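Q: For the record, in the sequence shown the residue sitting at position 29 is 29 according to UniProt numbering, with numbers rising by one throughout. Ideal placement from N, C-alpha and C gives every residue a C-beta, glycine not left out. Values in this document were obtained by computation on a predicted structure and should not be read as measured data.
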Amino acid sequence: MSSSLNRRYRHGEWPQGAPWNEIIESLLQHTSVRSYLDKPLPEGTLHTLLAAAQSAATSSNLQAWSLLAIEDPARKARLAELAGNQAHIRQAPLFLVWLADLSRIDRQAQRQDIELGAPAYLDSLLVSSIDAALAAQNAVVALESLGLGSVYIGALRNNLAAVIDELQLPPLVFPVFGLCVGYADPTRQAAVKPRLPQQVVLHRETYGQPVEQQLVDDYDQHIAAFYREQGLSTPSWSQQAVERLRSIHTLNGREHISAVLKDQRFEQK
Numbered sequence: 001m002s003s004s005l006n007r008r009y010r011h012g013e014w015p016q017g018a019p020w021n022e023i024i025e026s027l028l029q030h031t032s033v034r035s036y037l038d039k040p041l042p043e044g045t046l047h048t049l050l051a052a053a054q055s056a057a058t059s060s061n062l063q064a065w066s067l068l069a070i071e072d073p074a075r076k077a078r079l080a081e082l083a084g085n086q087a088h089i090r091q092a093p094l095f096l097v098w099l100a101d102l103s104r105i106d107r108q109a110q111r112q113d114i115e116l117g118a119p120a121y122l123d124s125l126l127v128s129s130i131d132a133a134l135a136a137q138n139a140v141v142a143l144e145s146l147g148l149g150s151v152y153i154g155a156l157r158n159n160l161a162a163v164i165d166e167l168q169l170p171p172l173v174f175p176v177f178g179l180c181v182g183y184a185d186p187t188r189q190a191a192v193k194p195r196l197p198q199q200v201v202l203h204r205e206t207y208g209q210p211v212e213q214q215l216v217d218d219y220d221q222h223i224a225a226f227y228r229e230q231g232l233s234t235p236s237w238s239q240q241a242v243e244r245l246r247s248i249h250t251l252n253g254r255e256h257i258s259a260v261l262k263d264q265r266f267e268q269k
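#1: Which residue comes first and which comes last in the beta strand (DSSP E) that contains aspartate 101?
#2: When the Cβ atoms of the segment 104 to 122 are set against those of the segment 14 to 21, are three or more pairs found closer than 8 Å?
#3: Once DSSP output is grouped into helix, strand and coil, what is the label at tryptophan 237?
#4: Considering Cα atoms alone, identify which of Ala135, Gln168, Val141 and Val33 is closest to serine 66.
#5: By DSSP, does histidine 68 sit in helix, in strand, or in coil?
#6: Which runs of the alpha helix (DSSP H) fall wholly inside the segment 204 to 235 and span at least 4 residues, in chain order?
#7: Can you look up alanine 109 in the DSSP assignment and give me helix, strand or coil?
#8: With a 10 Å radius around its C-beta and 16 neighbouring C-beta atoms as the bar for buried, classify residue 280 as buried or exposed.
#9: Between asparagine 155 and the rest of its own chain, which residues show a CB-CB distance below 6 Å, the 5 nearest in sequence each way excluded?
#10: Using 8 Å as the cut-off, can you tell me whether the segment 237 to 245 makes contact with the segment 152 to 171, which would need three or more C-beta pairs spanning the two stretches below that distance?
#11: Going along the chain, which unbroken runs of the alpha helix (DSSP H) with 4 or more residues stay wholly within the UniProt domain "Nitroreductase" (29 to 183)?
#12: Is the separation between the beta-carbon of leucine 179 and that of tryptophan 98 shorter than 8 Å?
#13: Closest by CA to glutamine 62, which one among Ala118, Thr206 and Leu49?
In structure tokens:
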């Protein structure tokens with residue numbers, strides 16, 4: 001327990017008698033995997049991961065998401081190029097695209113001669129996107145329990161219209177993110193990245209930030225030490241986070257998402 005917490009937070013403070021088990025231990029050991037072995041997944045792995053994903057919570061049992069599994073090297077290469085040219089998309093044996101999907105319900109409505117009004121509103125986009133994210137994280141927990149690794153690919157939204165064309169997505173379907181899946185290369189495995197102290201992200205009863213700055217300053221030192229250990233030259237968390245949101249130029253094409261979503265009939269009213 002203490003070693004896992006030390007890796008995740010870089011300090012050993014923890015309430016005495018706090019509950020703990022092997023599942024929590026596994027969750028705290030999560031890392032993003034960006035280098036994979038050239039090793040196929042066991043037969044049936046995709047179906048196991050999908051069963052775990054479909055066991056996640058879903059709003060009003062709408063199940064407003066779908067999963068697109070990609071193994072074709074040529075298609076992975078094209079998607080990698082559209083998503084910042086990330087080599088691990090090509091390298092991973094399985095690339096999953098998690099879709100917000102209201103088209104299935106729309107098809108049922110058409111069978112019943114009903115025109116859906118709610119998909120035009122932002123909440124429907126949020127519901128389907130959150131459903132997809134919950135399902136994906138269930139799959140990540142499952143795949144890590146099987147000794148596999150993964151990394152989310154948000155850059156799939158950099159060239160959203162081109163990705164939609166590549167995957168032949170119908171209206172009312174939107175790729176929320178991708179996920180590389182495979183066996184991690186043990187010679188290039190990342191360490192557990194420290195997170196912000198719990199006191200920074202936990203609020204009780206009402207929102208407040210009375211001790212935030214000192215804790216963020218401390219965290220900046222922890223994350224800087226982590227990056228040095230990894231041989232990386234990276235700004236502090238506070239600098240990196242501000243720079244990431246500083247201007248639309250850092251969005252790398254994602255500033256056009258709203259317009260593309262409208263073309264997909266997500267009007268976002």
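A: Checking against the coordinates, here is how it stands:
#1: First-last of the beta strand (DSSP E) with aspartate 101: 94 to 101.
#2: Touching, no.
#3: Three-state result, tryptophan 237: helix.
#4: The shortest Cα separation from serine 66 among Ala135, Gln168, Val141 and Val33 belongs to Ala135.
#5: What sits at residue 68 in the sequence shown is leucine, not histidine. Strand.
#6: Given a length threshold of 4 residues, each whole run of the alpha helix (DSSP H) inside the segment 204 to 235 is given here in chain order: 212 to 229.
#7: In the structure shown, alanine 109 sits in a helix (DSSP, three-state: H, G or I).
#8: Nothing about residue 280 can be reported from this structure: the residues present for the chain run from 1 to 269 only.
#9: One point to set straight first is that residue 155 is alanine, not asparagine, in the sequence displayed. Counting only Cβ-Cβ distances below 6 Å, and skipping sequence neighbours, we find Ala83 and Gly84.
#10: As far as the Cβ criterion goes, the segment 237 to 245 does not touch the segment 152 to 171, which means the pair count is below three.
#11: The UniProt domain "Nitroreductase" (29 to 183) contains these whole alpha helix (DSSP H) runs: 45 to 54, 73 to 82, 87 to 91, 103 to 111, 122 to 145 and 160 to 167.
#12: By the CB criterion at 8 Å, leucine 179 and tryptophan 98 fall inside the cutoff.
#13: What sits at residue 62 in the sequence shown is leucine, not glutamine. The option with the nearest alpha carbon to leucine 62 is Ala118.
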